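Protein chains in written order, with this note's numbering: chain H, 22 to 309; chain C, 2 to 821.
Let me begin by presenting the structure, written as structure tokens, before commenting on it.
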Amino acid sequence: MKPPKFDYHAPASVDEALALLGRYGGDAKLLAGGQSLVPLLNFRLSRPAALVDLNRIASLAYVREHDGQVRLGAMTRQRTIEFDPLVARKLPLLREATRWVGHLPIRTRGTIGGSIAHADPSAEYPAVLTALEGQVVARGPKGERVVTAGDLFRTYLTTSLEPDEILVEVRLPAMPPGAGWALEEFARRHGDFAIIGIAAVIVREGSRCTKARLATAGAGPVPLRLRAAEEILERDGLGDAAIEAAARRASELVSPDADIHASAEYRRHLTGVLTKRAIKRALGVARG
Amino acid sequence: MSEKSWIGKPVRRVEDARLLTGRGTYIDDHPPVANVFHAAIVRSPHAHARILGYDCSAARAVDGVAGVITGADVLKHTKPFSVGVTAPVHYYCAATDKARFVGEPVAVVVARNRYIAEDAADLVQVRYEPLPAVVDPERALEPGAPVLHEAVGSNLANNRRLVYGDPDRAFADADVVLRERFKFPKYGSTPIETYGVIARWDALEGVCTVWSNFMGPFIMHPLTARVLGLPENRLRFIVPPDIGGSFGIKSSIYPYMALIAVAAKLTGVAVKWIEDRREHLLASSTGTDRVAYRELAARKDGTILGMRFRWLDNVGGYIRSPEPGCSFRPTGNFVGPYRFQHLEVDASTVMTNKSLTGPNRGYACGHLYFETEGMLDRLADEIGMDPAEVRRRNLVGPAAMPYRTPSGGLYDSGDYPTAFEKALEMAGYDELRREQARARAAGRYFGIGLAVAVDPSVSNMGYVATALDPQFRAKPEYLPKSGAVDSATVKVDPLGRVIAILGSTPQGQGHQTVVSQIVADELGLIPEDVTVVDEMDTFTRVWSISSGTYSSRFGSVGTSAVALAARKLKTKLVEYAAHLMEMPVAALEFSDGAVRAKAGKAPSYTIKDLAGRAHWNTESLPPGMEPGLQATAVFGFSVAKAVDAEDRVNSSNTYGFIAEVMAVEVDPETAAIRILRYVSVHDAGTIINPMIAEGQIYGGALHGLGGALYEEVQYDADGQCLTGTFMDYLVPTASEAPTIEIGHVVSPSPLTPLGSKGLGESSSMTVPAVIANAVSDALKPLGIRITELPMTPSKLWKLIEQASRSHAVPTARHPRPALP
């Protein structure tokens, strides 16, 4: 478990990093927290010609509010997000999801940009980005472009980012005041990737649901918005029957794969169970 | 022991300061020779394939490569290892003719560093002819299954049918006969430190030195010498002071010791190989996966009359010694803590295209008790009796101790009913049952499991011969085997401080601490006065073929050797003092670190007084006394005898007892299992250090929990390993650890000087049983009984789902889950 030879670069700026990506013509890998890439290198499953280490680019780590969004620099550590007061206030779902990410040493190194760009469909951050209808900013040789969550994830470990682009920022709309949220996750052990995770945001007016957002982790090749289930709540309100119906719909919407940890049927079933639990818990903290 | 006794106190481990600050000396920290080269092992990607040839030219051409050796070199320069059965299985330290499991070594690249070695290993071309594979032990015995070893002719490595008493009569007389099929998973230990070997072959001296984290048994030393074609006094095994965990797994490192030794011989350089985690998960060692068919005969009052076991133990591609210990290690305690006298065991050892097996904490006992305790609960259900009461009616009583089991075990001491009642009382068993009734009425799935077990320690080397037919053992050329021996040397330096030298190979057990407690007690010192050296070296230590730190033996046999050595030395000190004091030995006693007159006024001599005089002035010794203040003792059990003509053998030497109660709740929607209570009561005789003892119980319990819920080395039908990383092979961590309530009962062993027994495997052998019983009890309203481990949520949910569909009445609280 030693990686093959590679060149190593630690640029001090995004421009310098972009120039390096250009120089290697798609044969370089960006190193963020390294929690997924380094094992892939050691297993020789990834054999890039070069690593471009983003850890010296201080300007990529920040959390700030702008235009109703919380903007997080791609290199912001998960451990920073876990304790950031702005995140706690404006994005409590992100805060809760962060606690499900691995273990403390992993969160200390892992970054939000790295997690999203890695696009593991069982990971928490892609589900949160999807549920909150967030965006990422990709910077390439031709400048910046904004990519929505829906356009970002293509399939397992694959995004629409170009090889010469760097994910520099994650933009998440601040959650409406009074919105309820929950991240329900089932994994075999604490800290593992989800067998199934459901991120939920509920905005209510009395028993009416003005906005429901539900997204999955672990239920297929990409995180999935469960729009048809959301619509049931937005149409029928937040009574038990509507929640049951939404949960049932959720389990119909997913096409999970089987792996060593869980069958497809079990994942489908869990999608329903956790959707119900997530909605109910989100409802419990929603005001309005 | 007096108030001043160090034995029985939770003395802090002297090992921890260095281990917790990263200052331990493990094999990878151990550069015993300069200019070491590094090995990378080329492994078979095929589960079953004929090896047609090798092309190592590209690998040899890489700058920094010292050489490449292949199976062809192994065939030429080594002999196969002896196996524990008569079937002609040729097990070499690397594949020679065929690869028989994914990950089997086929070549070794030796280079300047591991990076270069791995780069070059990628370039080794091995030409394979892939063959059909088989991984299931029942399928492997069917006609037409791919045969791994043509010389054997089938995949059956061994079969023994052992009969004790008259089982046919017991089954004929029974009111109740129950049958069940169980499956136990293949899992290992995954110690934090993987295997590591450094070998130097000195062509001039003709000595091969192998440093490794091998834990014994040192029977593997003469066997490896034979494999390498070396006289035993030209093969030196050295074990560094620290081993980062083993739990049985590192007893199976020996083929790599031979492989790296050959690599050193053929490349002419010292070679170091540190196993990486992927290699460890693919190809180190695990326990067997087993299919078991169990039958139980009982009276309707709950008295067990007899049992039948039919086992298929899957040892993987080759039967590697000490297998088939997977079947026979518990021969003496086959009946567990129960009184029944009639037993039939039909034990088959099967070879399939999986990785190889060997001792793993609880060796064979996790399997044994999972099945037996599962049968006890089925009996309770069948006759409508509380499972605690069924066990009470069958436990061996204290008056029967020492107790000879029908299969030859000699349970040295114990009070099983008292320990069992203690566990029930600690758990509040009756209240738990009431809580269960309330929970069930509310539609919740709450269950209580029980498990009791005899915990064998210090294997008698003779048990392995149970694998052989009595007719074979009766041949004049057959040499019987028996024994369980350990040694220790205690010496006093000229200023009165003590050094104790062991031949053990601790892997974290705290031997230094425990030995310092024992010697301090024996010689009236404090533990800080005792330095304990435990770096095993076959050239300098006193050892025997059973030496090593395995089968929970140190707490029993190792501590005995230490106590006896200290006592020998004490005797000498008293004799010396008697001479100085011109008094008869009988008038003196050794107390509080000094020799004193039993009565009257006389000077006393401390150890320091005596040590200085004895070392500096040998003229002061009495006539005939050997100079020097040291004593070596070798302790061996006289109850370790060879297997007899009726297949009876006292397979271990001391036998403890475990009684456990667990309460769980199962979430029927997710199939998650929550452990609500877990009580574990142990009787391991005298406890030398309760803190270390409890650490062993915690570790054993978590290890058992791994096999019960998380861990399984899995293969697809083609023999590809699916669990090559820790993302797929799940090991329980601190987050998964339940709260464990531990209790002790102390029945000192009459066989050891301190009354101690082993405790190292402990709850690893009972947790699979107790949690399976608890989950079965929880899901009883659905008619579900657990027969297979691990109980993953996905598998458990499938059982719940099928049961809910077929016959259970959905409760109000948990309506039948809605499915698409």
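The C-beta atom is built at its ideal place from N, Cα and C for all residues, glycine as well.
If you're wondering where the values come from, they're calculated on a predicted model, not measured in any experiment.
Which class does residue i belong to by DSSP, given the choice of helix, strand or coil?
i        : result
Gly708/C : helix
Gln631/C : strand
Tyr92/C  : strand
Thr26/C  : coil
Gly43/H  : helix
Glu119/C : helix
Trp202/H : strand
Glu647/C : coil
Gly135/H : helix
His31/C  : coil
Arg270/H : helix
Pro131/C : strand
Cys327/C : helix
Arg279/C : helix
Lys5/C   : coil
Val397/C : coil
Gly337/C : coil
Have a look at the options and flag the residue whose alpha-carbon is nearest the alpha-carbon of residue i.
i        : options                                : result
Ser181/H : Leu115/H, Glu206/H, Ile137/H           : Ile137/H
Ser458/C : Cys366/C, Pro507/C, Phe540/C           : Cys366/C
Leu377/C : Pro331/C, Met352/C, Asn361/C, Pro338/C : Pro338/C
Phe829/C : Pro749/C, Arg435/C, Ser681/C           : With chain C covering only 2 through 821, there is no way to say anything about residue 829/C.
Thr210/C : Ile244/C, Leu780/C, Lys273/C           : Lys273/C
Arg289/H : Ile253/H, Leu245/H, Leu254/H, Arg302/H : Leu245/H
Lys573/C : Val533/C, Val563/C, Ala615/C, Asp593/C : Ala615/C
Val563/C : Gly410/C, Ile689/C, Asp74/C            : Ile689/C
Thr734/C : His745/C, Ala702/C, Ala718/C, Gly756/C : Ala702/C
Hey, could you find the ends of the beta strand (DSSP E) residue i is sitting in?
i        : result
Tyr446/C : 446 to 460
Thr210/C : 208 to 213
Phe371/C : From DSSP, Phe371/C is part of no beta strand (DSSP E) but of the alpha helix (DSSP H) over 366 to 384.
Leu153/H : Segment: none, Leu153/H is in no beta strand (DSSP E) and carries neither H nor E.
Asn774/C : That residue, Asn774/C, is in no beta strand (DSSP E); its alpha helix (DSSP H) goes 768 to 779.
What residue range does the alpha helix (DSSP H) around residue i cover?
i        : result
Pro794/C : 794 to 807
Asn63/H  : 58 to 63
Pro418/C : 417 to 428
His290/H : 285 to 306
Phe473/C : 471 to 474
Asp17/C  : 17 to 21
Ile502/C : Taken as a continuous stretch (DSSP letters only), Ile502/C belongs to no alpha helix (DSSP H), being part of the beta strand (DSSP E) at 499 to 503.
Look at the alpha carbon of residue i and the alpha carbon of residue j, and state the distance between them as a whole number of angstroms.
i        : j        : result
Ala33/H  : Asp137/C : 56 angstroms
Ser548/C : Val316/C : 24 angstroms
Ala267/H : Ala158/C : 56 angstroms
Asp167/C : Asp347/C : 15 angstroms
Tyr656/C : Asp174/C : 31 angstroms
Ile674/C : Ala299/H : 20 angstroms
Tyr177/H : Gly123/H : 19 angstroms
Ala401/C : Thr287/C : 36 angstroms
Arg441/C : Ser284/H : 29 angstroms
Phe207/H : Gly218/H : 6 angstroms
Ala443/C : Glu345/C : 44 angstroms
Asn214/C : Pro46/C  : 27 angstroms
Lys492/C : Val351/C : 49 angstroms
Pro242/H : Ala271/H : 16 angstroms
Leu433/C : Arg678/C : 9 angstroms
Asp593/C : Gly601/C : 17 angstroms
Name the chain A residues whose beta carbon is nearer than 9 angstroms to that of residue i?
i        : result
Val224/H : Protein chains in the displayed structure are H and C, and chain A is not among them.
My parser needs the beta strand (DSSP E) runs of 3 or more residues fully inside the segment 653 to 712 of chain C; what are they?
653 to 667, 674 to 684
Residue ranges of each beta strand (DSSP E) within the segment 75 to 128 of chain H, 3 or longer
84 to 87, 90 to 94
So within the segment 185 to 258 of chain C, which uninterrupted beta strand (DSSP E) runs reach at least 3 residues, ignoring any that extend past its ends?
The beta strand (DSSP E) runs of length 3 or more contained entirely in the segment 185 to 258 of chain C are, from start to end of the chain, 197 to 203, 208 to 213, 236 to 239.
Ranges of the alpha helix (DSSP H) found wholly within the segment 564 to 619 of chain C, counting only runs of at least 4
Listed in chain order, they are 608 to 617.
Contiguous alpha helix (DSSP H) assignments of at least 4 residues, all confined to the segment 145 to 192 of chain C:
168 to 174
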